[in-house]
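Peer 1:
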Amino acid sequence: MDARIANIETSSVEDVYTIILNNPFKYISERKYILQRKDANGKDQFYLNSQLVQELSQEDLQDIRALVDTKLELYFSGIDEKSTINLHDLFDRILNEYIHSKSETFANHAMGKLFRQDVVEALYKSIIDRDKYLVKGSVGQGTWATVPWVSIFDPRVTTSATHGVYIVYLLSADGKTLYLTLNQGCTDLNNSVGKVEAIRQMRQVAQKVISSVDCGNFETSNSISLGNDLPSLAQMYEAGCICFKKYEQGKVPSEEVLRQDLSELLNIYQQYVALQNEEPNPSMMPSFWKISHGNAVFTSEEKAFYEQKRLAVVAADIKKKGRSKVPQSDDFMENMKAGDVFYLCYGNSVQYLCRLTSNELVPCPEKGQIWFGRPYEMIAKAIKQIPYSGKSYWWEPNNNSTCIRVPENDLFPFEQNILKPYFDISIEELTGQMVVGGEEEMSVKDTIGRIKNYITAKGFSYNDGLIENFYLSLKSKPFIILAGTSGTGKTRLVKLFAEAVGSTSTNGRYKLVPVRPDWSDSSDLFGHLDLNGKFVPGAIIDFVKKAEIDLAHPYFLCLDEMNLARVEYYFSDVLSIIETRDFDSSGKIMSDPLVPDTYFGTDSDANRRYGKVSLPENLYIIGTVNMDETTFPFSRKVLDRANTIEFSYVDLLPQLIGEEAENESAQDLPNAFLKTKYLLLSQCATETEFVNELCVELQKINRILQYSNTHVGYRVRDEIVFYMLNNKNDELLNRDYALDNEIMQKILPRIQGSSTSIKNMLCELFKHCAGDYEGYQTEDHNIGSKMYKAAQSAECRYKQSAQKIAFMVRRYEEDGFTSYWL
């Protein structure tokens, strides 16, 4: 060590700075990774090379920031008295303070620093070797996590919670128990095969590990309990646990015991790592690739010719793609090795699974001077031709890539999205090595937090919980009605939400269609034949067809001023077809055709262009409506099939935008973010207890509605259940708040009339939502004002619905008629 900083307590800032400039910075700057400049005040600034920044992912940048924070913490640890805090004290603070912290503002909270920095640094100082392990902690991104964690990764297995097996400390939802576990990830597996099958496979992996290593004094009984009514991700933590020890509030063991426990679990972890490295040897693990013979570049004859010769062919001038730092042609000619496995596409159609048999590079002069081939053997032919509908990756068939390596971190989704559905084969069957899936670091809750930040940065303010409600409504049924006063931001919400998830009018995944008053049937939407038998496209058929082709991304159709024409007339086909949706054997949502192939008559060009058009699983339809003398009311057929979200709140004061929101950028999310898991109540079998409790509550409400013959049927029941399950899985809203939304959106919009039975029913329904009010007498002409007062009380269970019912009763008292609509 340089003598000038041998004693950090007496070293000057100038000494430290000089050594940094003369040593590490000098080395890095020569390679142009980090550059230096002067600001307006003459102070030095350091910044990453802009080209390097473009190559780095958001996760890479976060890791760099975390590393910088760690290095600064190391420097100050020698002079900061707080750095002497040990694991015992930190764990004690977590168990005693985390739950209270959740009631406070998330941003810049000390509890976040405790998880992300203090515990991480204490682990490094106590027992964790920085050169062998990576440690990360999280309390959530933008909002408090139900189950916060601190993970320890062996880079030979994984450096991210998105895949692999790793050590993780998990705090229970009630904050009273801290678990030290060897665990496995879950989200990709859950999304791919469903919760029940995912749990089965995870327990299978856990048992395989338990039978192969000595778990010593760690529990292997799968009795870890993180709480009740957990979101799916937290439930998967429980299912994925291999072995554990627990520390309870008020009973945290000594520092020595905590270190011994962690040391023992590190030993167990290393046994697992060693097993992974035994048979077969990791150096023999092949790389996996995608190669495409593009339809625009290869004729059918050329494809058949090279297929017969067993040559994969790529031109020598193909540029780099994705995160690769080398051109795709260099990867093909130099970095693909004999034994590597690739799947071959013709365009975006998956054809064969192959293995390179030689490192030989074969010139292909018949194709051109810059074309070269690599010999291969065929492993399998695609068992079925289905459109790819999984998450977007550089290596998936819909991506315009020619030769792209599947990153190690993506092997699990590669297996689930390519190998199994197209070839019915696993990586373990191909190589003898098992890959284990991992969780997504960005939860749905965190993703929605980013969407809200993006919308806020655009200068729009919506009620708390509205964006969550909008998301849940779309996921539960891809048809929403946004109702309210003109100018409250209904159309803008659709546009901004679509932008925030990566769907814009520029990329063709968002379309605004103003509804015309003269629309009278579905031909206005889809098209008609003119007098010459020529097909004239309607307002949305091209957009729907494009969505049907590009199933990987969500498409948003906004029907503006939807009720300027009678919705039941021009939209009836969509309302009917949306009820025919069902999952096929591959998990894709199918429907009856919106437009049959006979729709185009004798116009063969139109038939070739459109063919049969179905309702694609990635199409989300949102109608904006105003209720005034220029518009038409809705029938129950429409209202039963939609979530009706009312806009009545307007905050005219300018909003102060925080730095986090101001810097938020749009995301590019796959359709999986919005795709429903439930189309039938039978698909909710794993949540029987929750569904039964919810249906009991809905039955009570339905009995009240029967007083006025406004009770709901199975469709409304099922869609409320789907909404509530999606909310439970992603832990977005309080349960009563979420059900309050559904009463407002699925039940109250159907109620209107002038009979006494309507008023009596509303009075009973109010009592169910808010409790009794002063002097319950239905003939009293002042019930509405009493209801308003009761609806403000803390005991009011469903506050929004209670306030709406009070409005409807007051309107009845004043006009002798009432309805949901303003």
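Mapped onto my numbering, the consecutive letters of the sequence shown carry residue numbers 137 to 958.
All C-beta atoms, glycine included, are put in the ideal place defined by N, C-alpha and C.
#1: So, using beta-carbon positions, are L447 and A474 closer together than 7 angstroms?
#2: If distances are taken between C-alpha atoms only, which option among L693, P523 and L629 comes closest to R645?
#3: Specify, as a first and last residue, the run of the alpha helix (DSSP H) that A688 falls within.
#4: What residue does the alpha helix (DSSP H) around E233 start on, and which one ends it?
#5: Can you name the residues that DSSP bridges to D718?
#6: Do K682 and D739 count as a contact pair if the criterion is CB distance below 7 angstroms?
#7: Strictly under 7 angstroms for the Cβ-Cβ distance: is I540 near chain C by that measure?
#8: Leaving out the 5 sequence neighbours to the left and right, which residues in its chain are closer than 7 angstroms to Q842 when beta-carbon positions are compared?
#9: Is the distance from the Cβ of V477 to the Cβ of S465 below 7 angstroms?
#10: For K922, which three-state DSSP category applies?
#11: Please state the DSSP three-state secondary structure of L816.
#12: Apart from the five residues just before and just after L259, which ones in its own chain have a Cβ nearer than 6 angstroms to its Cβ?
#13: Would you call the CB atoms of I404 and C481 closer than 7 angstroms?
#14: Is DSSP giving Q464 helix, strand or coil here?
#15: Mind the definition here: the stretch 555 to 562 touches the stretch 492 to 510 only if three or more C-beta pairs lie below 8 angstroms; say whether that holds.
#16: Would you kindly check if the distance between the Cβ of V204 and the Cβ of G248 is under 7 angstroms?
#17: Only counting the same chain, and skipping five residues up and downstream in sequence, which positions put a Cβ closer than 8 angstroms to that of R851?
#18: Is R652 helix, strand or coil when you go by DSSP?
#19: Any idea what DSSP makes of F809, helix, strand or coil?
#20: From W425 to K647, what distance separates their C-alpha atoms?
#21: Taking 6 angstroms as the limit between beta carbons, can you name the residues of its chain near L489, skipping five residues before and five after?
#22: Since E855 and S612 should fall inside the 8 angstroms C-beta cutoff, what is the C-beta to C-beta distance between them, to a whole number of angstroms?
#23: Going by DSSP, name the residue or residues bridged to E513.
#24: Just to confirm, is the Cβ distance from G620 to F783 under 7 angstroms?
#25: Only counting the same chain, and skipping five residues up and downstream in sequence, which positions put a Cβ closer than 7 angstroms to that of K331?
#26: Exposed or buried, which one is F953 when buried takes at least 16 other CB atoms within 10 Å?
#27: Can you give me the Cβ contacts of L830 inside the same chain, cut-off strictly under 7 angstroms, excluding the 5 residues immediately before and after it?
#28: Going along the chain, which residues of its own chain have a beta-carbon closer than 6 angstroms to the beta-carbon of G759, five neighbours each way excluded?
#29: Kindly indicate the opening and closing residues of the alpha helix (DSSP H) around V1013.
#30: Which residues mark the beginning and the end of the beta strand (DSSP E) in which Q320 is found?
#31: Among residues of its own chain, excluding the 5 on either side of A942, which ones have a beta-carbon nearer than 6 angstroms to its beta-carbon?
#32: Would you call H689 buried or exposed, if buried means 16 or more other Cβ atoms sit within 10 Å of its Cβ?
#33: Return the chain-ordered list of same chain residues with a C-beta closer than 8 angstroms to the C-beta of I454, the five sequence neighbours on each side being excluded.
#34: Please name the residue in L884, D175, I263 and P732 whose C-alpha comes closest to that of E392.
#35: With a threshold of 8 angstroms on Cβ separation, who are the neighbours of E400 within its own chain once the five nearest residues in sequence on each side are excluded?
#36: Taking DSSP as the reference, what is the three-state secondary structure of Q172?
Peer 2: With the structure as the only source:
#1: no
#2: Nearest C-alpha to R645 among L693, P523 and L629: L693.
#3: Careful: A688 lies outside any alpha helix (DSSP H) and carries neither H nor E.
#4: L223 to S237
#5: M726
#6: At the C-beta level, D739 and K682 stay beyond 7 angstroms of one another.
#7: Note that chain C does not occur in the displayed structure, where there is just one protein chain.
#8: none
#9: no
#10: helix
#11: DSSP places L816 in coil when its eight states are reduced to three.
#12: V271
#13: no
#14: helix
#15: Put simply, the stretch 555 to 562 does not touch the stretch 492 to 510. Fewer than three CB pairs are less than 8 angstroms apart.
#16: no
#17: Cβ within range, chain order: E715, D776 and R777.
#18: coil
#19: helix
#20: Looking at the two C-alpha atoms, the distance is approximately 36 angstroms.
#21: Y479, I515, A516 and F559
#22: 6 angstroms
#23: Bridge partners of E513 according to DSSP: R491.
#24: yes
#25: S368 and T822
#26: exposed
#27: V857 and M860
#28: I617, L695 and M698
#29: The requested residue 1013 is not part of the displayed model; the chain covers only 137 to 958.
#30: T313 to Q320
#31: G920, M923, Y924 and A927
#32: H689 comes out buried.
#33: Excluding the 5 residues flanking it on each side, I454 has same chain C-beta neighbours closer than 8 angstroms at P463, Q464, S465, F468, T538 and C539, in chain order.
#34: The residue with the shortest Cα to Cα distance from E392 is I263.
#35: Here the set comprises G352, N353 and F354.
#36: strand
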